[in-house]
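Take full-length UniProt numbering: the last position of the sequence shown gets the number 124, and nothing is skipped along the way.
Glycine residues also receive a C-beta, built at the ideal position from the N, C-alpha and C atoms.
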Amino acid sequence: MMQRVEYIILSNRRVSIAHTAQDLGISVGSAHSIVHNQLDYRKLCSRWVPCSLSSEQKRTQIAASLEFFQRYSVERNDFLNRVITGDEIWVHAALHPRNEVSVNGMETHIIACENKIQSSSISG
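So, in structure tokens, the structure goes:
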């Protein structure tokens with residue numbers, strides 16, 4: 001099963017865990033465990049989420065926004081510094097050894113995506 005999950009991820013590095021689980025007929029928890037614990041993949045870069053939401057997604061977004069507002073009222077900028085938005089993308093830790101970053105004491109290799117994030121946040 002691990003090889004099948006890895007094949008899906010390497011075929012499309014933007015694939016989500018939910019999509020991988022659906023393709024293989026396994027639970028999202030099992031797919032998550034394989035991706036994180038066995039393959040040692042991490043979410044490192046995100047792309048922007050489309051703006052078209054269903055009514056249920058809009059209600060969920062409103063509830064999350066209210067929770068964020070309440071947390072911001074208490075924690076201020078400390079809360080904002082921890083917020084990341086986007087779709088999930090999985091990248092193997094050894095794909096780009098030239099870009100090294102230490103995260104929580106562990107050496108990790110990442111794809112530089114700061115320019116894409118900065119230009120997208122500036123434009124809208």
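So residue i packs on residue j, CB below 8 Å; how close in whole Å?
i	j	result
residue 27	residue 18	10 Å between Cβ atoms; not a contact.
So, is residue i buried or exposed, given that buried needs 16 or more other C-beta atoms within 10 angstroms?
i	result
residue 74	exposed
residue 83	exposed
residue 34	buried
residue 31	buried
Where residue i and residue j are concerned, what is the direct C-alpha to C-alpha distance, given to the nearest angstrom?
i	j	result
residue 68	residue 79	8 Å
residue 126	residue 57	Outside the shown range of the chain, which is 1 to 124, sits residue 126, and nothing can be said about it.
residue 14	residue 8	10 Å
residue 3	residue 24	11 Å
residue 60	residue 70	16 Å
residue 11	residue 42	16 Å
residue 76	residue 53	28 Å
residue 1	residue 37	13 Å
Handout entry: alpha helix (DSSP H) runs contained entirely in the segment 5-75, provided each spans 4 or more residues
Key = 17-24, 28-33, 55-75
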